[in-house]
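Colleague: Residue numbers (the numbering used here): 966 to 1843.
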Ligand code: BES
Ligand code: ZN
């Protein structure tokens, strides 16, 4: 049965035919769109005569078919909704002409051709093109495309597709047409069309070699003024890719279209990126600093795909991290160069730990390059993206900036126009640097997060310091044995007063400031060390591992004050807070007065340190999340206890540090006009982080401070952050302010999302009831992915104590949501279901409540392959 099929990497074989070029004519009409396609096809030289040609389809209806202009007899082919077979195609180049009808209006899956707010648009990655026409819908089939679009002039004055414009004209009956030509051979997943009545802002960019590119950003009429930040981000991205990677844009036009109904963040279609409008539209009154930064990042990411993804694409979907991991690495570097490198690194590691680490230690664990899948849509994961980016970053760390760049240059030179593999990617770094990456490749093939355990000793008599690092990776589904990996551990030895420690001799696998682990255990011996140093390990988070180090609280706080590596200064504070919370939650042993005070003092000192930037301080003042405490505990987790313990620690910090924090809060007030710059952003982030600590820690007068900030805020960042503090603490103002927010912003869907997401994070016992009621409201936009994700996605991922209520109501709420949404949009449903990946880590009562919810979902008839796949893996015996 198709639904049960597992696809294996080892079975990869090229298609027996290739599609050289595509000529499409699409006629748009409200009920049905007609798609006429002419495919120029030829057999591969090795293809045996009589080999059938099987094209993919999905919910298609064929209305006519011909080869080289001659209609086919019924016996020559077989057409179903999901495939078209030519039993004996010609053994030479031929043109296959098909005519199919599709129904965009009824397409609630938002894959293929669909309609969002009246605009026709497409989403083809990974397997959506087959919902538009019959095709070899796989990324190693590369063709040039010519597309003619015909539509009513009033309904769709704007007609866009990939490539360069190649003519427009009148099509009679009040209709017009536009022709688009894409000269770059591309896989079908990069195909795109947009037809609708849209506003636009335009600009232009001149490439380093002097070519002018017309830029356009399209959106709903009236929102043009909210597209300028996106345009600015686009131009900076284009300039950065030239500077950092020597990559220029390669068409005459680059268009971006913002749509309201979109399953993901955005899509890199060649020359015509389609975006979730949340990653395009922004103005100070309605968008937060985080929204502005998100737009900048996503615009950059999709633009960078033009080289890492489009010019060099993937041979098959197992290689997805070839384009996604690399492009995330590139967008991370862009943000680091545009803003603060240290802050960006901390934010990225927080994301990695919050999303990828739990995936990697649970039932959905898989390698960055998996070797089998049932449903490819379920592999757009934190492992492919975030861990994929970390693996690329390790290559850059191991090879150095220049060596990495040499490899990238060779990659672009050698593979431009190819559908490539991870092996080919690694080979360019080997060839450009004369190194062997055989063992390094395990990072792509193995799942699981290695633990690196540290032991050290200092011998005063011989002035010798010894550091021993041991790596271990636990089994993951299907991979019981794990071989040691190459782990770059950047380090420093910090001496008295923070001065770097010097040594006269060192032995072991060490170069400059980096230990490279290759075996299970490595010992490094430093001789001629005058004083016992404090080791600062895994600087800048040089590898995606869990570091277990024996440092005392005192040593950690020493590093927090003195480490020259900002990442480890931040990490040290996190580790101190984590240790207190973990002990209190598991041993029932509260921290001592002395240790809480030491932490509070270090935080206060950080908040006032003149040498640190505000955004960094904001991160330092943010304690590890409840979810990360749960992850550290790992087994028999009681999320409610963690919630209580975290609030108690905040209260103790506030008891001691409130006056200092309040002082900093007030000193940061500003009357400057809003700008989404890194400097302003940092100042607001710090001020609002302090407000959050004060409110959650129950500082006197903090509720009033938050209410006042909410009322007088002149931008959305300050308003939303004040509201967040109040909602997370569930103060007596919470419901009133939520209602006020709704009243003021309820008409703006993107701001409504913030309101929904805040509701979803409320810590009180009424939250599940309120969320149920909102979803049940007939006016709730139940087909819009952003609204659904804001409400249910946020609840499952960011409200651990209520999601895992002991009575199971949180689990049941998410499970029944999944069953319902699955009937309309399986991708959104499957994504929401991944919240259960941590279910086995709960204490027995919650564990069985979670299992009961999963079993009831399992009993639902007609589950999609998307949901069935996630559910099956989530429930599989561990
Ligand atoms: N190619 C993806 C879009 C995509 C995602 C297609 C999932 C099919 C399935 C795009 O380049 C992407 O990665 N978008 C991200 C945002 C990005 C900044 C990481 C997204 O949509 O979340
Ligand atoms: Zn991407």
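Glycine included, each C-beta is placed from N, C-alpha and C at the ideal position.
#1: According to DSSP, which residues form a beta bridge with residue 1500?
#2: Pick from 1329, 1536, 1176 and 1062: whose alpha carbon is nearest that of residue 1443?
#3: Using CA coordinates, which residue listed in 1217, 1218 and 1240 is at the minimum distance from residue 1226?
#4: List in chain order the residues whose CB is within less than 5 Å of at least one heavy atom of ligand 4.
#5: Just verifying my parser: in three-state terms, what is the DSSP assignment at residue 1214?
#6: If we ignore side chains and look at the alpha-carbon of each, how far apart do residue 1064 and residue 1348 end up?
#7: Could you pull out every residue in the same chain whose Cβ sits closer than 6 Å to the Cβ of residue 1337, ignoring the five residues on either side in sequence?
#8: Buried or exposed: which applies to residue 1415, given that a residue is buried once 16 or more other Cβ atoms fall within 10 Å of its Cβ?
#9: Could you pull out every residue in the same chain whose Cβ sits closer than 6 Å to the Cβ of residue 1746, ignoring the five residues on either side in sequence?
#10: What would DSSP say about residue 1345, mapped onto helix, strand or coil?
#11: Check whether the Cβ atoms of residue 1457 and residue 1530 sit closer than 8 Å, and answer yes or no.
#12: Between which two residues does the alpha helix (DSSP H) harbouring residue 1377 extend?
#13: Should the stretch 1111-1130 be called in touch with the stretch 977-989, which here means at least 3 C-beta pairs below 8 Å?
#14: Could you tell me if residue 1631 is buried or exposed, where buried requires 16 or more neighbouring beta carbons within 10 angstroms of its beta carbon?
#15: Quick check on DSSP: helix, strand or coil for residue 1790?
#16: Under the three-state reduction of DSSP, which class applies to residue 967: helix, strand or coil?
#17: Out of 1703, 1122 and 1474, which one is the CA nearest neighbour of residue 1735?
#18: So if DSSP puts residue 1086 in a beta bridge, which residue, or which two residues, is it bridged to?
#19: To which residues does DSSP link residue 998 through a beta bridge?
#20: Under 8 Å, do residue 1779 and residue 1760 count as touching if we go by C-beta distance?
#21: Taking only runs that begin and end inside the stretch 1229-1304, name each unbroken beta strand (DSSP E) of 3 or more residues, in chain order.
#22: Using only CA atoms, which one of 1509, 1568 and 1209 lies nearest to residue 1454?
#23: Considering residue 1615, what are the terminal residues of the alpha helix (DSSP H) in which it resides?
#24: I'd like the list of long-range same chain contacts for residue 1646, defined as Cβ closer than 6 Å, with 5 residues on each side in sequence excluded.
#25: Which residues in the same chain as residue 1107 place their Cβ atom closer than 7 Å to its Cβ, once the five residues preceding and following it in sequence are excluded?
#26: Specify, as a first and last residue, the run of the beta strand (DSSP E) that residue 1844 falls within.
#27: Say yes only if the C-beta of residue 1631 is nearer than 7 Å to one or more non-hydrogen atoms of ligand 2, and no if none qualify.
#28: On the three-pair Cβ rule with 8 Å, is the stretch 1372-1384 touching the stretch 1404-1411?
#29: Could you check the C-alpha separation between residue 1676 and residue 1502 for me, to the nearest Å?
#30: Output the distance between the C-alpha atoms of residue 1203 and residue 1050, rounded to the nearest integer angstrom.
#31: Could you have a look at residue 1556 and say whether DSSP puts it in helix, strand or coil?
#32: So what's residue 1220 in DSSP terms, helix, strand or just coil?
#33: Got a sec: does ligand 2 put a non-hydrogen atom nearer than 7 Å to the Cβ of residue 1292?
#34: Are the Cβ atoms of residue 1282 and residue 1104 separated by less than 8 Å?
#35: Any heavy atom of ligand 2 inside 7 Å of the beta-carbon of residue 1289?
#36: Which same chain residues, not among the five before or five after residue 1551, have their C-beta less than 7 Å away from its C-beta?
Modeller: The structure says:
#1: Partner(s): 1458.
#2: The shortest Cα separation from residue 1443 among 1329, 1536, 1176 and 1062 belongs to 1329.
#3: Nearest C-alpha to residue 1226 among 1217, 1218 and 1240: 1240.
#4: Of the ligands this structure carries, namely ligand 1 and ligand 2, none is ligand 4.
#5: Residue 1214 falls in the coil class under three-state DSSP.
#6: For residue 1064 and residue 1348, the distance between alpha carbons rounds to 40 Å.
#7: By the criterion of a C-beta distance shorter than 6 Å, residue 1337 is surrounded in its chain by 971 and 973, once the five residues flanking it on both sides are discounted.
#8: Buried: at least 16 other Cβ atoms inside 10 Å.
#9: Within the same chain, residue 1746 has close Cβ partners 1752.
#10: Here residue 1345 sits in coil by DSSP.
#11: Yes, the Cβ-Cβ distance between residue 1457 and residue 1530 is below 8 Å.
#12: Membership of residue 1377 in the alpha helix (DSSP H) is indicated by the continuous run 1353-1380.
#13: Contact annotation: the stretch 1111-1130 touches the stretch 977-989, with at least three C-beta pairs closer than 8 Å.
#14: Residue 1631 should be labelled exposed.
#15: Coil at residue 1790, not helix or strand.
#16: The predicted position of residue 967 is uncertain, since its pLDDT is 44 and thus under 50; a value taken from the coordinates is nonetheless stated next. Looking at residue 967 - three-state DSSP - the assignment turns out to be helix.
#17: Per the Cα distances, 1703.
#18: Beta-bridge pairing by DSSP links residue 1086 to 1079 and 1159.
#19: Partner(s): 1067.
#20: A Cβ-Cβ contact shorter than 8 Å links residue 1779 with residue 1760.
#21: List check, beta strand (DSSP E) in window: 1237-1241.
#22: Nearest Cα to residue 1454 within the set 1509, 1568 and 1209: 1509.
#23: Here the alpha helix (DSSP H) through residue 1615 covers 1604-1632.
#24: 1254, listed in sequence order.
#25: Same-chain partners within the cutoff: 1150, 1151, 1152 and 1384.
#26: Since the first residue shown for the chain is 966 and the last is 1843, residue 1844 is missing from the structure and cannot be characterised.
#27: No.
#28: These segments do not touch.
#29: Going from the Cα of residue 1676 to the Cα of residue 1502 covers about 45 Å.
#30: Going by the C-alpha atoms only, they are around 43 Å apart.
#31: Look at residue 1556 here: in three-state DSSP terms it is coil, with no helix or strand label.
#32: Strand at residue 1220.
#33: Checking every heavy atom of ligand 2 against the Cβ of residue 1292, one is found closer than 7 Å.
#34: Between residue 1282 and residue 1104, the C-beta spacing is below 8 Å.
#35: Yes.
#36: Within the same chain, residue 1551 has close Cβ partners 1598.
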